[in-house]
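Under our numbering, residues 57 to 158 are what the sequence shown spells out, in order.
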Amino acid sequence: EHAVVYKQHSRYMFADPENIAFTDPDFFDLPGVPFNVFFTTFGHAIHGTFWHGDYGRPRSHGCLNVTPEDARWLFRWLEPVSPYLSEFSGSSADPGTPVIVI
Numbered sequence: 057e058h059a060v061v062y063k064q065h066s067r068y069m070f071a072d073p074e075n076i077a078f079t080d081p082d083f084f085d086l087p088g089v090p091f092n093v094f095f096t097t098f099g100h101a102i103h104g105t106f107w108h109g110d111y112g113r114p115r116s117h118g119c120l121n122v123t124p125e126d127a128r129w130l131f132r133w134l135e136p137v138s139p140y141l142s143e144f145s146g147s148s149a150d151p152g153t154p155v156i157v158i
């Protein structure tokens, strides 16, 4: 069980080119990943995915890929509340919504 620790409306996600070669199938370079809801401090998040439609199968580097529409709904529903065009981090005094990954 986790809690929401950080939310970000849009994020540029990419593989570290020092660790993953550009020609490696695991390399990724994704500007504008929408509605990111981080549930660990290691970068694991629920976020919108526009580069594939193969939901329900393992495809990411630890994140949960959902449609952009579902990501927006979750982003707006889950606490802590994040004002538009802002970021928000939870704290021990005000933790975010519990997230259970099955």
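Even glycine gets a Cβ: it sits at the ideal position worked out from N, Cα and C.
From a predicted model like this one, the values you see are computed outputs, not experimental measurements.
Grab me the residues of residue i's own chain with a C-beta within less than 6 Å of its C-beta, minus the 5 sequence neighbours each way, in chain order.
i	result
Asp85	Phe70
Gly88	Ser66
Leu120	Ile102
Which residues in the same chain have their Cβ closer than 8 Å to the Cβ of residue i, if we skip the five residues on either side of it in sequence?
i	result
Ile156	Glu57 and His58
Ala122	At residue 122 the sequence reads Val, which differs from the Ala that was named. Answer for Val122: Ile102, His103, Gly104, Thr105, Tyr111 and Leu130, listed in chain order.
His108	Arg115 and Asn121
Any idea what DSSP makes of residue i, helix, strand or coil?
i	result
Phe131	helix
Pro124	helix
Ala59	strand
Tyr111	coil
Ser116	coil
Ala101	strand
Val157	coil
Asn75	coil
Pro90	strand
Asp85	strand
Phe70	strand
Rounded to the nearest angstrom, what separates residue i and residue j at their Cα positions?
i	j	result
Gly104	Gly118	14 Å
Ser116	Ala127	15 Å
Glu74	Arg132	35 Å
Output needed for residue i: all residues of its chain with C-beta closer than 7 Å, excluding positions within five of it in sequence on either side, in chain order.
i	result
Phe106	Pro124
Phe83	Ala71, Ile76 and Ala77
Thr97	Val61
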